[in-house]
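For reference, the structure is listed below as structure tokens.
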Amino acid sequence: MPRTLIALTAAALTLLPGSLTAQGFAVGGRAGTLGIGAEVALGMGPNLTVRGGMGLLPIERDASGYWDVGNNVDLTLKMPDTWYNVGLDLYLGSSFRVGGGMLFKPDNPTVTATLASSASIELDGVTYDGSDVGEVIGTVDSKSQAPYVIVGFGKHTASGIGLFLDLGLAFLGESPVTLEATKGNAAVINSPAFQNGLRQEEMNLEEDLPTWAREYWPILNLGIKIGIGS
Numbered sequence: 010m011p012r013t014l015i016a017l018t019a020a021a022l023t024l025l026p027g028s029l030t031a032q033g034f035a036v037g038g039r040a041g042t043l044g045i046g047a048e049v050a051l052g053m054g055p056n057l058t059v060r061g062g063m064g065l066l067p068i069e070r071d072a073s074g075y076w077d078v079g080n081n082v083d084l085t086l087k088m089p090d091t092w093y094n095v096g097l098d099l100y101l102g103s104s105f106r107v108g109g110g111m112l113f114k115p116d117n118p119t120v121t122a123t124l125a126s127s128a129s130i131e132l133d134g135v136t137y138d139g140s141d142v143g144e145v146i147g148t149v150d151s152k153s154q155a156p157y158v159i160v161g162f163g164k165h166t167a168s169g170i171g172l173f174l175d176l177g178l179a180f181l182g183e184s185p186v187t188l189e190a191t192k193g194n195a196a197v198i199n200s201p202a203f204q205n206g207l208r209q210e211e212m213n214l215e216e217d218l219p220t221w222a223r224e225y226w227p228i229l230n231l232g233i234k235i236g237i238g239s
């Protein structure tokens, strides 16, 4: 994905006439729900800007509050590591803007349940201990690319240093929960009863998670930019 974005950006810059490239250029840094990263913006006219960026979100945290799966189970929530975005901003005033584009992510949010030998996990009313089931990974299986809309403040291509804020939503679409046992006694974790228990637990998790948590991703970014105006 990074190579694709670089290639598209280079091609766009090559094809743009001088009258457009003269509308301004900016680089910036940001932090928020799309991670910590950088972005570039190119003015296409007095009220239109092309913007793209990349963010890193290496977050892992305890997930025991999200999934009550058993006793003494270590639960870890891991967010997607990398986010990419490309889109257009339309300015409705000197700094207020609306925009939209595409958001890309190479991986999904996961919850990993790790069982020590003294732990146990319950699936569809059946309890399995840590000697038979070592690890179960749950994934919110959303699309790798999604459209987004935003409202924002701050004009990237205005000359000088300034702040900007983005607020919006990405539309991931229907995102089923999948569970997979990755460690344990093969005879147990591959048995029909255990696999049926995983399928039932998937349905339970989908019922417990609100729709917005599986189908949307909030966009909240605060950043600083350096613009070279026309």
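If you want this note's numbering, it's the 1-based position in the sequence shown plus 9.
Note that beta-carbon positions come from the ideal geometry of N, C-alpha and C, so glycine has one too.
Check	Outcome
What's the gap between the Cα of residue 142 and the Cα of residue 80?	13 Å
If we ignore side chains and look at the alpha-carbon of each, how far apart do residue 95 and residue 190 end up?	36 Å
Please name the residue in 162, 228, 148 whose C-alpha comes closest to that of residue 212.	148
Am I right that residue 171 and residue 160 are in contact with their C-beta atoms under 8 Å? What's the rounded C-beta distance?	So it is not a contact: roughly 17 Å between Cβ atoms.
Give me the Cα-Cα distance between residue 86 and residue 73, rounded to the nearest whole angstrom.	9 Å
CA-CA distance, residue 123 and residue 43?	27 Å
If you draw a straight line from the alpha carbon of residue 118 to that of residue 184, how long is it in whole angstroms?	11 Å
Of all the options 132, 41, 233, which has the alpha carbon lying nearest to the alpha carbon of residue 92?	41
What whole-angstrom Cβ distance do residue 214 and residue 186 have, given they're in contact under 8 Å?	5 Å
Rounded to whole angstroms, what is the Cα-Cα separation between residue 174 and residue 125?	44 Å
Would you tell me roughly how many angstroms separate the C-alpha atoms of residue 194 and residue 121, rounded to the nearest one?	17 Å
Which value, in whole angstroms, describes the spacing of the CA atoms of residue 58 and residue 101?	12 Å
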